[in-house]
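Contents: one structure, followed by commentary.
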């Protein structure tokens with residue numbers, strides 16, 4: 027089964043993508059930065075089943091806070107493990123940001139019903 031989804035706009039904090047069934051599917055996802063001047067840092071994509079690795083009570087884990095404040099997904103990805111995916115843009119130093127007006131398209135094969143997208147918006 028192949029489905030195409032378009033995710034437009036900025037990913038400022040958390041976004042959910044909901045699939046119609048729990049069967050394995052292949053998604054072609056496009057993320058476009060529609061902001062005027064802000065850059066989007068690398069985007070972490072993970073099943074909502076890993077929310078325990080992102081959220082702690084009414085706040086976020088140290089690893090998620092690092093991703094949100096610095097844009098560096100390394101610690102959060104290490105905490106989540108192989109279930110995490112990271113999508114990079116090609117702009118700005120260090121060449122991993124998504125600039126205004128730019129898009130990144132990627133393929134995601136998954137059987138989960140809900141995904142969470144997490145990224146930092148850089149000034």
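In this note's numbering, the protein residues as written are 27 to 149. Note that beta-carbon positions come from the ideal geometry of N, C-alpha and C, so glycine has one too.
Q. Do residue 134 and residue 71 come within 8 angstroms of each other at the CB atom, strictly closer than that value?
A. Locating residue 71 in the chain shown gives position 45, counting from the first residue. Locating residue 134 in the chain shown gives position 108, counting from the first residue. Cβ distance < 8 angstroms, so residue 71 and residue 134 count as in contact.
(Q) Distance check for residue 138 and residue 81, CA to CA, integer angstroms please. (A) Taking the chain shown and counting its residues from 1, the one referred to as residue 81 is at position 55. Taking the chain shown and counting its residues from 1, the one referred to as residue 138 is at position 112. Cα-Cα distance, rounded: 19 angstroms.
Q | Rounded separation between residue 145 and residue 67 - CA only | A | By one-based count along the chain shown, residue 145 stands at place 119. By one-based count along the chain shown, residue 67 stands at place 41. Roughly 6 angstroms between the two C-alpha positions.
Q: Would you mind reading off the limits of the alpha helix (DSSP H) that contains residue 90?
A: As a first step, residue 90 is located in the chain shown; it is residue number 64 there, counting from the start. Here the alpha helix (DSSP H) through residue 90 covers 88-96.
Q. Are residue 101 and residue 59 touching if we call contact CB-CB under 8 angstroms?
A. As a position in the chain shown, residue 101 is number 75, starting the count at 1. As a position in the chain shown, residue 59 is number 33, starting the count at 1. No, Cβ-Cβ distance for residue 101 and residue 59 is not below 8 angstroms.
Q: Ignore the nearest five residues each way along the sequence and tell me which others in residue 73's own chain have a CB closer than 8 angstroms to its CB.
A: Stepping through the chain shown from its first residue, residue 73 is reached at position 47. So the list reads 109, 136, 138, 140, 141 and 142, once near-sequence residues are dropped.
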